[in-house]
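Peer 1: Before I ask anything, let me first share the structure, which is written out below as structure tokens.
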Amino acid sequence: MNNVRVRFAPSPTGPLHIGGVRTALFNYLFARKHGGVFYLRIEDTDQSRFVLGAEDYIIDSLKWLGIEISEGGSLGGPYGPYRQSDRKAIYKQYADQLLASGSAYYAFDSAEELDKLRKDYEIDKKTFSYDLHTRMQLNNSLSLSKEETQKRIASGEHYVLRFKMPDNIDVRFKDMVRDDVHFNTNTLDDKVLFKSDGMPTYHLANVVDDYLMKTSHVIRGEEWLPSTPLHVLLYIALGWEGSMPQFAHLPLILKPSGQGKLSKRDGDKMGFPVFPLQWKDPVTGEVSAGYRESGYFPESLVNILAFLGWNPGSEKEFFSMAELVDVFSLEKVQKAGARFDPEKAKWFNHHYLKQHSDDELADAYIILLKERNIVCDKAFVTKVVSMVKERAVFVKDLWDQSYYFFEAPLRYDEKVIAKYWKGQALEALLSIADLLNNLADFKNETTEDLIKNYISNNNLGMGQVMNSLRLALVGTSMGPHLTEIMEMIGKGDAVKRIRKFCDTIPLTA
RNA sequence: GGUCCCUUCGUCUAGUGGCCUAGGACGCCGGGUUUUCAUCCCGGUAACAGGGGUUCAAGUCCCCUAGGGACUACCA
72 MNNVRVRFAP SPTGPLHIGG VRTALFNYLF ARKHGGVFYL RIEDTDQSRF
122 VLGAEDYIID SLKWLGIEIS EGGSLGGPYG PYRQSDRKAI YKQYADQLLA
172 SGSAYYAFDS AEELDKLRKD YEIDKKTFSY DLHTRMQLNN SLSLSKEETQ
222 KRIASGEHYV LRFKMPDNID VRFKDMVRDD VHFNTNTLDD KVLFKSDGMP
272 TYHLANVVDD YLMKTSHVIR GEEWLPSTPL HVLLYIALGW EGSMPQFAHL
322 PLILKPSGQG KLSKRDGDKM GFPVFPLQWK DPVTGEVSAG YRESGYFPES
372 LVNILAFLGW NPGSEKEFFS MAELVDVFSL EKVQKAGARF DPEKAKWFNH
422 HYLKQHSDDE LADAYIILLK ERNIVCDKAF VTKVVSMVKE RAVFVKDLWD
472 QSYYFFEAPL RYDEKVIAKY WKGQALEALL SIADLLNNLA DFKNETTEDL
522 IKNYISNNNL GMGQVMNSLR LALVGTSMGP HLTEIMEMIG KGDAVKRIRK
572 FCDTIPLTA
């Protein structure tokens with residue numbers, strides 16, 4: 072494939088949600104796979120929906136995930152500017168061209184008038200549509216005389232430009248995901264192309280920019296499928312049929328359960344993020360969780376998202392960005408919507424957490440420990456991490472899995488007491504504490520020998536003693552090899568914990 | 001309501017007419033390893049939406065029905 076140029080064209084109306092991130096990812100993978108360009112274009116033609124910080128959020132999110140843009144943003148590029156509000160002047164001439172060729176017309180109906188019409192239609196259980204059936208009854212340059220039209224424009228009356236949807240034409244196009252798709256123009260309406268505020272709508276701006284920026288493929292969400300025939304018609308009307316991009320409409324990401332596509336609310340309700348980065352609404356101050364802040368690794372989110380609506384056709388599940396670039400293909404994109412599965416997302420993260428070196432994880436963990444006012448030697452923390460990381464999904468889980476390395480247990484798990492503590496090991500524990508206390512060398516092997524010898528010399532049960540000991544040292548029944556834990560926390564603490572446990576615990580459960 | 005898109009285990013999916021008594025992964029259940037938990041290993045659970053065709057042969061092609069989804073703004 073030659074000269075692949077694809078874009079990610081978000082609207083800065085709020086934080087980017089993972090559906091948008093996946094669209095960006097697929098565009099990026101496609102571009103890199105074919106040695107093409109992936110550019111970012113900001114579609115901010117609606118000033119009323121502008122949200123402060125949204126554009127930076129989009130750029131930061133892509134950066135975090137390792138989705139590199141080669142044009143747009145602060146990079147600029149040969150086809151800039153890449154922000155539609157900065158391109159305002161460009162669109163006018165194409166609107167005029169459409170007007171001159173009869174593909175577009177002036178419409179004077181106010182938003183209020185149209186609103187009222189929609190409501191009236193609704194009462195009769197019908198849907199109002201500004202189309203070939205209704206346009207002659209409305210106020211536009213098609214229904215009005217030339218003089219009247221000129222007069223209204225001259226008097227400064229507000230107007231929009233609408234596309235004149237042609238009569239009874241079958242618009243066909245090939246979608247790279249869905250193959251042949253077709254619409255009859257009789258079912259389509261006369262969409263607004265140019266708003267009364269002088270800005271184009273998405274449809275016009277998008278087509279003009281994709282053409283001017285030499286876009287080879289339009290890879291976007293399925294929600295755009297119904298407006299694609301309009302876009303195709305626009306390319307034709309503008310005389311750009313020969314350089315029309317190829318379309319690929321990606322399946323939507325659906326809620327984990329229930330109906331509909333994934334929304335902001337689902338995340339809050341079901342306890343998983345729908346945004347890559349945490350977002351604080353600049354107006355309400357409301358905070359929405361992000362994958363990054365929740366402890367997901369960027370490579371993990373990339374892998375999760377890549378497998379939503381796509382798969383390599385092999386049984387390999389873990390892919391780095393480079394590997395994805397290598398195997399990615401639009402032909403492998405699914406047609407049906409994909410439900411997001413938070414459990415599988417965790418499984419991916421667990422995998423990637425284990426892939427990280429103990430050293431890296433220790434750095435991340437030390438930050439969390441500091442928040443708890445625990446200051447520790449890096450070597451110590453690294454060792455702790457190596458001992459417990461396979462039990463964690465997120466870095467923050469490390470604490471629950473290893474708190475006992477940093478502080479004595481505050482309480483003893485009731486269930487574990489009920490299961491293992493019958494009181495009869497009390498004497499054994501105290502004796503072991505004494506023996507341990509006399510040890511000069513507190514190495515794992517030494518203490519293990521000592522405890523095992525004590526158990527066999529006194530005809531005690533291995534499980535019972537060890538579990539009681541674990542209860543005393545850890546507070547519950549989890550964790551790595553017990554004598555390794557003892558070596559880490561040291562003789563003084565180990566002995567103290569056992570004695571304290573014997574003091575605190577009731578003789579019988 | 002109208003238009004369009006979609007439909008394989010609970011979920012993500014393999015499957016491009018015979019290799020499918022439908023494979024993998026997550027989850028769940030059971031077993032093994034372990035002093036414990038987790039990891040790990042082994043095993044199990046569970047699906048071609050329904051009905052008609054076409055064909056020697058259909059999960060795979062066609063039609064209908066049902067269900068799901070998107071769109072239906074001077075939003076993108």
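The numbering of the first sequence is the numbering used here, which starts it at 72 and goes up by one. Ideal Cβ positions, reconstructed from N, Cα and C, are used throughout, including at glycine. Bear in mind that the values here come from a model prediction, so they are computed numbers and not experimental data.
1) Where do the N-terminal and C-terminal ends of the beta strand (DSSP E) with I290 fall, by residue?
2) Does DSSP classify D250 as helix, strand or coil?
3) V404 lies in the beta strand (DSSP E); which residues open and close that run?
4) Which whole-angstrom value is the C-beta distance of Q405 and G380, which I expect to be below 8 Å?
5) Assuming L232 and L188 are in contact, meaning their beta carbons sit under 8 Å apart, how far apart are those beta carbons, in whole angstroms?
6) For E414, which of K460, L440, V446, S328 has the nearest alpha-carbon?
7) Y162 to P271, Cα distance in whole Å?
8) Look at the alpha carbon of S391 and the alpha carbon of D250, and state the distance between them as a whole number of angstroms.
9) Who are the near neighbours of L301 in its chain, counting only those whose CB is closer than 7 Å to its CB and skipping five residues on each side?
10) Contact between the region 413–427 and the region 126–141: three or more CB pairs below 8 Å?
11) Can you have a look at A580 and say buried or exposed, based on whether 16 or more other CB atoms are within 10 angstroms of its CB?
12) With which residues is L321 paired in a DSSP beta bridge?
13) Which same chain residues end up closer than 8 Å to K467 when comparing Cβ atoms and leaving out the 5 residues on each side of it in sequence?
14) In terms of DSSP beta bridges, what is P271 paired with?
15) Tell me which residue opens and which closes the beta strand (DSSP E) that A175 is part of.
16) Tell me the rounded alpha-carbon separation between G59 and S359.
17) Using a Cβ-Cβ cut-off of 7 Å (strictly less than) and excluding sequence neighbours within five positions of M537, which residues of its own chain qualify?
18) Alpha carbon to alpha carbon, how far is L321 from L203?
19) Between S119, N74, L123, which lies nearest to W350 when the distance is taken from Cα to Cα?
20) On the CB-based measure, 16 or more other CB atoms within 10 Å of its CB, does S590 come out buried or exposed?
21) What are the boundary residues of the alpha helix (DSSP H) that Y110 is part of?
22) Thinking C-beta only, is Y153 closer than 9 Å to R206?
23) Would you kindly work out how many angstroms separate the C-alpha atoms of I560 and K454, rounded to a whole number?
24) Can you have a look at G581 and say buried or exposed, based on whether 16 or more other CB atoms are within 10 angstroms of its CB?
25) Under three-state DSSP, which class holds D574?
26) Whole beta strand (DSSP E) runs in the region 324–393 with 3 or more residues, listed along the chain?
27) From this set, D430, H105, R120, which residue's C-alpha is nearest P83's C-alpha?
28) Of the residues Q168, K403, D180, which one's Cα is nearest the Cα of W311?
29) With DSSP run on the structure shown, which of helix, strand or coil describes E558?
30) Can you tell me the Cβ-Cβ gap for S287 and Q330, rounded? I've got them flagged as a contact below 8 Å.
31) Which residues share a DSSP beta bridge with V77?
32) Taking just the CA atoms, how far does A565 sit from R93?
33) Please list the segments of the alpha helix (DSSP H) lying wholly inside the region 505–532, counting only runs of 4 or more residues, in order along the chain.
34) Given a cut-off of 9 Å on the beta-carbon distance, is the pair F97 and L401 in contact?
35) Quick one: any contact between the region 337–356 and the region 288–308, if contact means 3 or more CB pairs under 8 Å?
36) When you compare only the Cα positions, how much space is there between L283 and Y150?
Peer 2: Considering the structure as presented:
1) For the purposes of this step, residue 290 is identified with residue 219 of the first sequence, where counting begins at 1. Where I290 is concerned, the enclosing beta strand (DSSP E) stretches over 288–292.
2) In the first sequence, the residue the question calls residue 250 occupies position 179. D250: strand per DSSP, three-state reduction.
3) Here the question's residue 404 lines up with position 333 in the first sequence. Taken as a continuous stretch (DSSP letters only), V404 belongs to no beta strand (DSSP E), as it is neither H nor E.
4) Numbered from its first residue, the first sequence carries residue 405 at position 334. Numbered from its first residue, the first sequence carries residue 380 at position 309. The pair is a contact, with the Cβ atoms about 5 Å apart (cut-off 8 Å).
5) Taking the first sequence and counting its residues from 1, the one referred to as residue 232 is at position 161. Taking the first sequence and counting its residues from 1, the one referred to as residue 188 is at position 117. Rounded, the Cβ-Cβ distance is 19 Å, inconsistent with contact.
6) Translated into positions along the first sequence, residue 414 becomes position 343. With distances taken between Cα atoms, E414 lies closest to S328.
7) In the first sequence, residue 162 corresponds to position 91, counting from 1. In the first sequence, residue 271 corresponds to position 200, counting from 1. Whole-angstrom Cα-Cα distance: 7 Å.
8) Sequence index remark: in the first sequence, residue 391 carries index 320 (1-based). Sequence index remark: in the first sequence, residue 250 carries index 179 (1-based). Computed Cα separation, rounded: 29 Å.
9) The residue you call residue 301 lines up with position 230 of the first sequence. So the qualifying residues of the chain are F234, L259, K262, H274.
10) no
11) Here residue 580 is taken as the residue at index 509 of the first sequence, counted from 1. Unreliable placement is indicated for A580, whose pLDDT of 43 sits below 50; no coordinate value is reported for it.
12) In the first sequence, residue 321 corresponds to position 250, counting from 1. Partner(s): G292.
13) If you number the first sequence from 1, residue 467 lands on position 396. Cβ within range, chain order: G366, L439.
14) Locating residue 271 in the first sequence gives position 200, counting from the first residue. Paired residues: F265.
15) Residue 175 sits at position 104 when you count from the first residue of the first sequence. That run of the beta strand (DSSP E) goes 175–178.
16) Because the chain spans 72 through 580 in this model, residue 59 falls outside it and cannot be assessed.
17) Mapped onto the first sequence, residue 537 falls at position 466. Correct list, in chain order: L553.
18) Along the first sequence, one-based indexing puts residue 321 at 250. Along the first sequence, one-based indexing puts residue 203 at 132. Distance between the alpha carbons of L321 and L203: 31 Å.
19) The residue labelled residue 350 in the question sits at position 279 within the first sequence. Of S119, N74, L123, the residue nearest in Cα terms is L123.
20) Only positions 72 to 580 of the chain appear in this structure, which leaves residue 590 out of reach.
21) Here the question's residue 110 lines up with position 39 in the first sequence. Segment 108–111 is the beta strand (DSSP E) holding Y110; no alpha helix (DSSP H) there.
22) The residue labelled residue 206 in the question sits at position 135 within the first sequence. The residue labelled residue 153 in the question sits at position 82 within the first sequence. Contact flag unset, no.
23) Taking the first residue of the first sequence as position 1, residue 560 is located at position 489. Taking the first residue of the first sequence as position 1, residue 454 is located at position 383. So the two alpha carbons sit approximately 12 Å from each other.
24) Since the first residue of the chain shown is 72 and the last is 580, residue 581 is not available in this structure.
25) Working through the first sequence from its first residue, we reach residue 574 at position 503. Correct three-state label for D574: helix.
26) none
27) Your numbering for residue 83 matches position 12 in the first sequence. The candidate whose alpha carbon is nearest that of P83 is R120.
28) As a working mapping, residue 311 is identified with position 240 in the first sequence. It is Q168 whose Cα lies nearest to the Cα of W311.
29) Residue 558 sits at position 487 when you count from the first residue of the first sequence. Helix.
30) Mapped onto the first sequence, residue 287 falls at position 216. Mapped onto the first sequence, residue 330 falls at position 259. About 36 Å; that fails the 8 Å criterion.
31) What you label residue 77 is simply residue 6 of the first sequence in a count that begins at 1. F109, H288, per the DSSP bridge assignment.
32) Here residue 93 is taken as the residue at index 22 of the first sequence, counted from 1. Here residue 565 is taken as the residue at index 494 of the first sequence, counted from 1. Approximately 50 Å, taken between the alpha carbons.
33) 515–528
34) Counting from 1 along the first sequence, the entry for residue 97 is found at position 26. Counting from 1 along the first sequence, the entry for residue 401 is found at position 330. Going by C-beta atoms, F97 is nearer than 9 Å to L401.
35) no
36) For the purposes of this step, residue 283 is identified with residue 212 of the first sequence, where counting begins at 1. For the purposes of this step, residue 150 is identified with residue 79 of the first sequence, where counting begins at 1. Taking the straight line joining both Cα atoms gives about 7 Å.
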